[in-house]
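Structure record follows, encoded as structure tokens.
Numbering (mature numbering (1 follows the signal peptide of the UniProt record, and there is no 0)), first residue to last: -20 to -1, 1 to 302.
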């Protein structure tokens, strides 16, 4: 009897190994839960192209924006847990959005298994149109206080870091400004460039391109330390607002929680192989980001930790869905 049990165990183990070796058996889809044009788009498409060689299957990207990213995330949560549908997302839909939307149809810690971080260390930055008279964060605050009826700002969407940090800045600056949410960072940047808005908190990777073109002016970095794309630009803490030091944003991949561990490990190894390659580093550097070796368990712990930070901040600011 013991011999039979041992034989069955060996057969099951071999079967599991065979399944892991077979993955993937069809096209792998990277779901980006945002409209095209955001900071994750270019990285997603480049990663998909390079994973084709590593995985030996077609890898495509699919933008599924809407409802502050929750539609795209939930589509992955509800997909078959076999590794062929992968979430490729900034942290917002997993950390800040659930804190703002109690009816979010998923729990990131429960429903998703982290795979690998694609890029880490991104920041949002305080930016104004190039023709704004404000040269510093303090000067902008003074302008906002002078004309509260005309002051406004545009964000990537309600609940995203660009929104929450905007509210933090208003509180610390003792200023008022009407919030106008857009559907994605790209759309928000277009609106800032129109000159109709007083300020915004775009991703550093988008801001650097427009500053170099002379279309905007970056006044401060919202993170804990200066951003590599803007080494001469102070943090908001350095600019006189010590209580603003928001966690940097990051981009990671996830699969449904029930995905076999062997499949997760194969995906993680393949993704890290791409993100740590010398030819991928310049793409991350252009985003003000770096590669990361965090394990799935460490990523999950980070999601939980930063979710708690954003939930606490959103409650303190009394932010509500608009």
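Don't be surprised by glycine CBs; every beta carbon is placed ideally from N, CA and C.
All of these numbers come straight from a predicted model, not from anything done at the bench.
- Secondary structure note for residue 197: its beta strand (DSSP E) is the uninterrupted segment 196 to 201.
- At the C-beta level, residue 10 and residue 27 come within 8 Å of one another.
- Restricted to the segment 111 to 148, the beta strand (DSSP E) segments that are unbroken, complete and at least 3 residues in length are 132 to 135, listed in chain order.
- Contact between the segment 220 to 233 and the segment 187 to 199 is absent, with fewer than three C-beta pairs closer than 8 Å.
- Nearest C-alpha to residue 264 among 24, 138 and 32: 24.
- Residue 61 and residue 105 have their C-alpha atoms roughly 37 Å apart.
- For residue 298, DSSP records no beta bridge to any residue.
- The DSSP-derived three-state label of residue 51 is helix.
- The DSSP-derived three-state label of residue 7 is coil.
- If you ignore the 5 residues before and after residue 56, its C-beta comes within less than 6 Å of the C-beta of 11, 65 and 67, all in its own chain and listed in chain order.
- Residue 87 carries a coil assignment under DSSP once its states are collapsed to helix, strand and coil.
- Measuring C-alpha to C-alpha distances from residue 224 to each of 243, 146, 234 and 286 identifies 146 as the nearest.
- According to DSSP, residue pairing for residue 232 in a beta bridge involves 69 and 97.
- Between the segment 241 to 256 and the segment 143 to 163 there are fewer than three inter-stretch CB-CB distances shorter than 8 Å, so the stretches are not counted as touching.
- With fewer than 16 other beta carbons inside 10 angstroms of its own, residue 298 counts as exposed.
- The criterion of a C-beta distance shorter than 8 Å is satisfied by residue 103 and residue 202.
- By the CB criterion at 8 Å, residue 99 and residue 290 fall outside the cutoff.
- With the rule of 3 Cβ pairs closer than 8 Å, the segment 126 to 145 counts as touching the segment 46 to 53.
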